[in-house]
Every structure is written in structure tokens, then in C-alpha cells.
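Residue numbers (our numbering), protein chains in the order written: chain A, 1 to 310; chain B, 1 to 310. We put the beta carbon where it would ideally sit given N, CA and C, even for glycine. All values derive from a computational prediction rather than experimental measurement.
Structure below.
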């Protein structure tokens with residue numbers, strides 16, 4: 001059987017991180033990397049469209065390839081440097097300050113979708129400049145089952161027009177609570193989700209960090225908590241891992257009903273919970289199928305109940 | 001069949017409220033009032049120990065009596081004035097400022113548990129001065145199945161020693177996230193719950209307002225979201241309604257297993273969701289058994305899923 005295809009467009013990066021628990025000068029990161037690593041837990045054909053410089057470590061590419069991730073769409077720029085981001089998390093880990101952003105090869109990136117992925121079943125537009133997301137979408141041959149968009153405050157503030165255009169072509173948006181409020185000027189997340197729905201996406205996911213995530217679709221709402229952890233070690237990539245797990249699960253099943261999206265939310269949250277337990281991609285790379293299955297069980301225990309009305 | 005007994009110790013009050021949606025100068029309130037109204041949804045024998053002044057409206061007493069709430073333990077002080085609290089909620093409704101507190105009859109309150117409730121099955125120590133909570137507990141004849149404690153930052157800051165004494169006699173504590181952090185000096189709620197557990201309560205409920213609530217017991221954790229609402233009209237009494245619903249459900253079933261506590265959490269959250277939709281006790285008084293059953297169904301749809309591991 002041929003596996004279903006998931007195309008992920010997003011950054012491949014090196015990150016410098018500082019959290020209350022330690023620091024790392026230069027580790028593998030980027031939205032497409034976290035997303036693809038999470039999605040590679042599923043029996044799918046996953047490809048990345050991205051750009052790297054000649055400083056990108058062969059061993060890091062090997063990590064991705066060894067998990068069956070197709071890198072044909074990754075442009076390697078001679079004499080270019082890979083996107084670098086450096087940030088510092090504050091004590092509550094809910095807020096962070098960007099210390100340094102070197103766009104490097106991202107500045108002139110012109111995405112090319114490999115022929116093999118122009119008919120992808122699902123497209124995940126991981127966090128990236130909306131104009132690049134748009135250029136990628138234009139190369140998708142037939143209408144995919146689902147276009148999933150992840151974005152962040154930077155694009156809401158700086159390139160809202162292009163972002164709105166991408167939103168108009170999107171089925172699912174994944175966005176955090178503060179961004180949803182910023183985008184809609186509504187404090188109530190229920191009202192914010194309604195407004196975002198009117199901007200295009202039929203499904204609206206609002207991520208609330210340590211408080212979990214909400215999925216809105218028509219009159220339906222589904223809520224999944226984040227796993228209560230003793231320590232969140234490093235929140236970097238949590239949202240990307242969530243989006244990758246969500247997209248990966250739906251790509252494998254090929255069924256995009258609301259019931260299946262609930263399960264996709266749980267896989268996404270479970271994979272994000274692994275990511276935040278260690279620095280960078282370390283834990284996400286190490287997690288086995290058995291550990292993932294155990295964590296799904298933990299999510300069931302955390303949320304499921306048997307009720308008889310009294 | 002004789003109904004199981006729930007004894008609630010807490011304030012009966014008049015509140016002055018200001019929220020972004022409107023204001024009320026003097027409406028029925030108090031932790032025991034919200035708690036008992038929520039608990040009166042269940043087939044139980046519910047009694048209040050509290051104190052009121054001669055300004056307490058007969059019609060308000062009638063509201064409570066008409067719902068089968070036993071007021072024998074409510075002392076009416078001649079020439080006394082009922083406890084009055086006035087507060088203002090800020091735009092996000094998560095923070096509030098106390099404008100005025102008139103303790104009035106609370107200042108000299110000496111609680112007396114009626115004979116009929118000295119063998120209550122469950123005791124809910126609703127938010128109140130811990131020394132009054134302690135005096136009440138000393139009058140309980142036989143060990144109740146469960147002692148549930150609700151408290152707030154004021155008592156943590158001002159009377160920690162007495163509060164710790166009450167906590168040592170408590171099975172379940174219901175506390176909000178900021179208070180749990182304040183009490184334990186731990187940011188992680190998992191760590192905070194462990195520390196609180198060591199202070200007495202076998203069960204620790206941490207309320208997170210619009211983000212729902214967590215129940216910790218030994219190695220078990222259960223998480224319930226708050227109902228996503230378009231507008232929270234007035235958060236006053238949400239925690240009290242939650243505690244009352246939680247205690248009321250467990251009193252009716254008489255079964256205090258972890259599985260039953262999960263259901264109790266859901267009833268508590270459902271009743272709190274009614275409270276916040278209108279001013280004061282208005283909605284909690286009006287809710288029918290059918291509406292409550294519908295809301296439980298809404299909570300099921302919000303949280304339940306069918307998963308087959310893939």
C-alpha cells in the first residue's frame with residue numbers, strides 16, 4: 001500500500017536557547033524540523049520544503065532521513081548560512097525574549113515543491129513568512145484534503161495582508177491564545193474562534209500552552225489539556241510538534257472527520273509533551289512508538305470518565 | 001430512604017459587584033449560599049452553618065428554604081448587619097480588586113452545628129476564617145466520610161498557622177492555581193499539589209478559572225476544562241459553586257472513589273459554568289435538572305473521545 005503524503009513547509013534552523021534549567025548555544029531546530037519529527041511517528045510519506053546553508057550538519061540531515069523524511073524539497077544554499085534564532089525563556093516559561101534572529105538563507109528563499117509532493121494529501125504550512133507559504137500553496141497541483149496553517153504574532157503584526165490571503169486558502173489554523181486575541185481583538189476565545197472562522201479556516205485550533213488546546217468547528221468544541229508535568233524543561237518547538245503530530249495522524253488515517261481531528265489533537269499534544277521535557281529536539285527524536293502509546297494512555301486517564309446521569 | 005447529609009460552613013453575604021458588563025449594588029452572595037444552591041441540585045439533606053444580620057431579606061432565606069436547604073445552623077444576630085463585600089473585576093475578568101469589606105456579624109461569629117448535622121456524611125468548609133472552620137470541625141461527632149476545604153489567599157497570608165491546622169484535618173482541598181503557588185512556593189502545579197498533599201489533604205483540587213481544574217490523588221491526575229463561554233458575565237461564586245456541586249454529588253452517591261470524584265468535578269464545573277453566565281446567584285437559582293443534564297452532556301462532548309491506537 002502506498003502511504004499517504006504529508007508536505008511540510010517551514011524553517012530548518014539552529015537555535016540558541018536559554019531556560020531556567022540550562023542553555024544551549026546551537027542546536028537543531030526550526031518549525032519544519034519539529035513538525036516532521038513529530039509526523040514521522042506515523043506510517044506516512046512526509047516531505048519537507050525548506051532551505052538550509054552549507055553550515056547545516058550532515059548528521060542532522062541524517063537524523064531526518066533515517067526517519068524516512070523526504071528532503072528533496074530542501075534547498076541547500078552554497079555559501080549560505082542556516083537560519084539562526086536565539087531566545088531566552090523567563091522563569092514561568094510562558095514568556096520568552098528573542099535575543100537574536102539571523103534570517104540568513106531565509107531572506108531570499110524561493111520554495112520549490114518537488115513533483116512527488118505536488119499532490120500531497122495534507123499540507124502543513126508550519127510557522128514561516130506567509131508569502132513563502134503562499135508561493136508553496138500555488139505549486140500544489142490538486143486540492144489537498146486539508147491545508148493546515150501555523151503562524152505567530154510576528155506575521156500578524158508585520159504582514160497581515162499576506163497572512164489573511166493564506167488564511168483564506170486554509171482549512172485548519174493552529175494559533176495560540178494571545179495571537180488569536182491579537183488577530184481578532186476579542187478577549188473571549190469562543191468569539192475569537194468565530195471571527196477567525198470567518199477569515200477562512202473551517203477548523204480553528206487555539207493553543208493555550210500549559211493549559212492545553214481547543215478545537216472549534218461549526219457548533220462543536222473539543223478541549224484537550226496539556227499533560228501536567230513536574231518541569232517543563234524547554235518549550236521550544238511545542239507548537240510545531242503539536243502541528244506535526246496533528247497533521248501526521250490525519251495523513252495516516254486519511255479521514256478528516258471531527259472525531260478523527262479529536263484524536264489528532266491528542267497525538268499532537270502527546271508529542272508536544274515529549275518535546276518540552278528535554279532541550280530542543282532531543283526527546284522528540286528519542287521517543288519510541290511504545291512510549292507514545294503509553295502517553296496516549298496517560299491522556300486517556302487524564303481526561304476520560306464514565307458518567308451516569310443521576 | 002433517608003438522604004445523606006452535607007454540612008456547609010461558610011459566609012452568607014450581600015455583595016456589591018462591578019464587572020465590564022454591569023454593576024449591582026447589593027445582591028445575595030457568600031460562599032455558603034453559592035455552595036448550598038449548587039449542592040441543592042442533588043437528592044441530599046444539606047444544612048448551612050453561618051451568621052446573618054437583621055438586614056438579611058426574608059425572601060432570600062425563602063429562596064434557600066424552598067430548595068430544601070436547612071437553615072437551623074444559621075444564627076441571626078439582632079441589631080447586626082450581614083457581611084458585605086464589594087469588588088470590581090478588571091477587563092479580563094481574571095483579576096479583581098476588593099473595594100470594601102464589612103465583616104459585620106462575622107467578626108464575633110461563634111459557629112454552632114445543629115444536632116441534626118453533627119453526624120454529617122460530608123462537611124464542606126467553604127471559604128471562611130480558618131478559626132471558624134476549626135471550631136465547626138470540633139463539633140462534628142463522628143468522623144465524616146470526607147472533609148472538603150475551600151480557602152483563599154487572604155487566609156494564606158494572614159492566618160497560615162490556623163489554616164495549616166485545618167488542612168491537617170482535611171481530606172480534599174479546593175484551591176486556585178495562584179494560591180497553590182503562594183502556599184507552596186512552587187510554580188509547577190504538579191509539584192505544588194505534592195507539597196499540599198504532604199500538608200494533609202489526600203485529594204488536591206487546583207482550580208484554574210477559565211482553564212478548568214485539576215484533581216490530584218496519589219499517582220492519579222484528572223483534568224477538566226471550564227466550559228468555553230462567549231462571555232463570562234460575573235465570576236463571583238464560581239469556585240463556591242464548584243465546591244458545592246462537587247460536595248453535593250459525592251454526598252448523594254456516598255461513594256468517594258477517585259472515579260466518583262471525577263464525576264463530582266464535572267458536576268462542580270457544570271454548576272460553576274451556570275453561575276458565571278449571569279450576575280450573582282441569579283442563574284444558579286434558575287437552573288433546572290434538565291439544563292444541568294444537558295450541560296453535563298456538553299462537557300462530555302467537549303472532552304470525550306474514542307481512540308484506537310494506530
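Rounded separation between residue i and residue j - CA only
i                      : j                      : result
residue 96 of chain B  : residue 25 of chain A  : 42 Å
residue 57 of chain A  : residue 51 of chain A  : 13 Å
residue 108 of chain B : residue 280 of chain A : 58 Å
residue 260 of chain A : residue 271 of chain A : 17 Å
residue 236 of chain B : residue 284 of chain B : 12 Å
residue 124 of chain B : residue 267 of chain B : 16 Å
residue 157 of chain A : residue 30 of chain A  : 21 Å
residue 273 of chain A : residue 242 of chain A : 9 Å
residue 168 of chain A : residue 252 of chain A : 25 Å
residue 9 of chain A   : residue 133 of chain B : 59 Å
residue 100 of chain B : residue 88 of chain B  : 10 Å
residue 287 of chain A : residue 207 of chain A : 23 Å
residue 277 of chain A : residue 233 of chain A : 5 Å
residue 129 of chain B : residue 20 of chain A  : 37 Å
residue 146 of chain A : residue 105 of chain A : 29 Å
residue 202 of chain A : residue 172 of chain A : 6 Å
residue 70 of chain B  : residue 196 of chain B : 32 Å
residue 244 of chain A : residue 127 of chain A : 11 Å
residue 148 of chain A : residue 159 of chain B : 52 Å
residue 290 of chain A : residue 264 of chain A : 17 Å
residue 23 of chain A  : residue 38 of chain A  : 23 Å
residue 53 of chain A  : residue 35 of chain A  : 20 Å
Residue range of the unbroken alpha helix (DSSP H) whose run includes residue i
i                      : result
residue 260 of chain B : 258-275
residue 197 of chain B : 189-198
residue 96 of chain B  : Not the alpha helix (DSSP H): residue 96 of chain B falls in the beta strand (DSSP E), residues 96-102.
residue 18 of chain B  : Looking at the DSSP string, residue 18 of chain B is not in any alpha helix (DSSP H); the run it does join, the beta strand (DSSP E), is 13-19.
residue 315 of chain A : Not covered by the structure: residue 315 of chain A. The range shown for chain A is 1 to 310.
residue 48 of chain A  : No alpha helix (DSSP H) contains residue 48 of chain A, which is instead part of the beta strand (DSSP E) from 45-53.
residue 325 of chain B : In this structure chain B extends from 1 to 310, so residue 325 of chain B is not present and cannot be described.
residue 58 of chain A  : 58-66
residue 162 of chain B : 160-168
C-beta neighbour in chain B for residue i, strict 8 Å
i                      : result
residue 89 of chain A  : no
residue 190 of chain A : yes
residue 128 of chain A : no
residue 307 of chain A : yes
residue 263 of chain A : yes
residue 5 of chain A   : no
residue 208 of chain A : yes
residue 201 of chain A : no
Below-8 Å beta-carbon distance, residue i vs any chain A residue
i                      : result
residue 225 of chain B : yes
residue 205 of chain B : no
residue 277 of chain B : no
residue 144 of chain B : no
residue 195 of chain B : no
residue 231 of chain B : yes
residue 266 of chain B : yes
residue 228 of chain B : yes
Residue i: first and last residue of the uninterrupted beta strand (DSSP E) it sits in
i                      : result
residue 140 of chain B : Counting along the chain, residue 140 of chain B falls outside any beta strand (DSSP E), and DSSP gives it neither H nor E.
residue 26 of chain A  : 22-29
residue 213 of chain B : 213-217
residue 75 of chain B  : 70-77
residue 5 of chain A   : 5-9
residue 174 of chain B : 172-176
Residue-level contact to chain E via CB, residue i, 8 Å cutoff
i                     : result
residue 97 of chain B : No chain E appears in this structure, whose protein chains are A and B.
key: Touch test, the stretch 216-229 of chain B against the stretch 151-164 of chain B, Cβ-Cβ under 8 Å, three pairs minimum   = no
query = How do the stretch 58-76 of chain A and the stretch 102-116 of chain A stand: do at least 3 beta-carbon pairs fall below 8 Å, yes or no?
reply = yes
key: Near-chain B residues of the stretch 289-304 of chain A - C-beta to any C-beta below 8 Å   = The stretch 289-304 of chain A vs chain B, Cβ under 8 Å: 293, 296, 300, 301, 302, 303, 304.
request  = Indicate whether the contact test is met: 3 or more Cβ pairs, each with one atom in the stretch 243-252 of chain B and one in the stretch 245-260 of chain A, closer than 8 Å.
outcome  = no
Chain-ordered residues of the stretch 241-261 of chain A with a beta carbon less than 8 Å from chain B = 249, 252, 253, 259
message = Check whether the stretch 180-195 of chain A and the stretch 33-50 of chain A touch, using three or more Cβ-Cβ pairs below 8 Å as the test.
response = Result no; under three Cβ-Cβ pairs closer than 8 Å.
task = Please confirm if the stretch 136-148 of chain A is in contact with the stretch 112-119 of chain A, defined as three or more CB-CB distances below 8 Å between the two stretches.
result = yes
Contact residues within the stretch 71-102 of chain A, judged by C-beta distance below 9 Å to chain B = 91, 92, 93
query = Closer than 9 Å, Cβ to any Cβ of chain A: which residues of the stretch 210-222 of chain B, in chain order?
reply = Residues passing the 9 Å Cβ filter: 210, 211, 212, 214, 216, 220, 221, 222.
ask   = If contact means a Cβ-Cβ distance below 8 Å, which residues of the stretch 158-192 of chain B contact chain A?
value = 187, 188, 189, 190, 191
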